[in-house]
């Protein structure tokens, strides 16, 4: 198998993005513009001159200058993206081809990209439950817990309103207000805006929100559409919003408007 290492500066973006786009396990998180907004540094392993298979290698360096794999913030999972069948042999070959310069580290990948022998790396399998929307709304929500309907009832009683247009700056300001400025949140605040503008530029998503009759913003969710999936990339809900069931109302509007379509979405906790 012809696997070669490509430094970040030498990546053919068109070939790489094409691989991620048409891969059987493609994901929004794999595109170069998404990684550029989240991973400070990353390289690539590719198969063939046309990038029929590609594995991004986000990295960090310690104080001694040694390189390690690292999971970027705002990236739930990555993969060995391939337009070819994802056999265990192909997956293992890519993990074995990571240069020795990568001393170790950790990465979370989608289930099909987990190697049988991780070697010097710690490999985690991405978690999460997908909800398929290719059914009527009533069937999709039939086995939801009673607490879901209780939150919807609170939202109806609160007479909440949808927000028709919400700019990334306003979205990020609300997110930061809810989550605070501690830790990496300042970095997330700026990275989210870069990602949202990239998604909006491609017409791949939108910001959804609800507010009170007085104009108080209660909950926001930025949803992107890619690879037959709805990615709720970023969410935030104030204490008042949680009390009024605002996020559940937002989520339910997605289910109602997309029911019967060949899409899947993350199951709301």
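In the numbering used here, the protein residues as written are 4 to 272.
In this text, a Cβ means the ideal position worked out from N, Cα and C, and glycines have one as well.
None of the values given here were measured: they were computed from a predicted structure.
As summarised for the region 27 to 109, the continuous beta strand (DSSP E) elements at least 3 residues long and confined to that stretch are 44 to 50, 56 to 64, 70 to 72, given in chain order.
Exclusion of the five residues before and after residue 10 leaves 46 as the residues of its chain whose Cβ lies within less than 7 Å of its Cβ. For the beta strand (DSSP E) assignment, the uninterrupted runs of no fewer than 3 residues enclosed by the region 114 to 160 are, from N- to C-terminal side, 125 to 128, 133 to 135.
For residue 206, the secondary structure class from DSSP, reduced to helix, strand or coil, is coil. Taking the C-beta atoms as reference points, residue 247 is found no nearer than 8 Å to residue 270. The beta carbon of residue 227 sits closer than 7 Å to the beta carbons of 31, 202, 207, 208, 234, 236 from its chain, once the five residues preceding and following it are set aside; these are given in chain order. Excluding residues up to 5 positions away in sequence, 41, 187, 190, 191, 194 lie with their Cβ nearer than 8 Å to the Cβ of residue 76 in the same chain. Scanning its chain for C-beta atoms nearer than 8 Å, with the 5 sequence neighbours on each side dropped, one finds around residue 95 the residues 118, 119, 120, in chain order. The Cβ atoms of residue 53 and residue 89 do not sit closer than 8 Å to each other. Check the Cα spacing between residue 38 and each of 133, 25, 14: the tightest is with 14.
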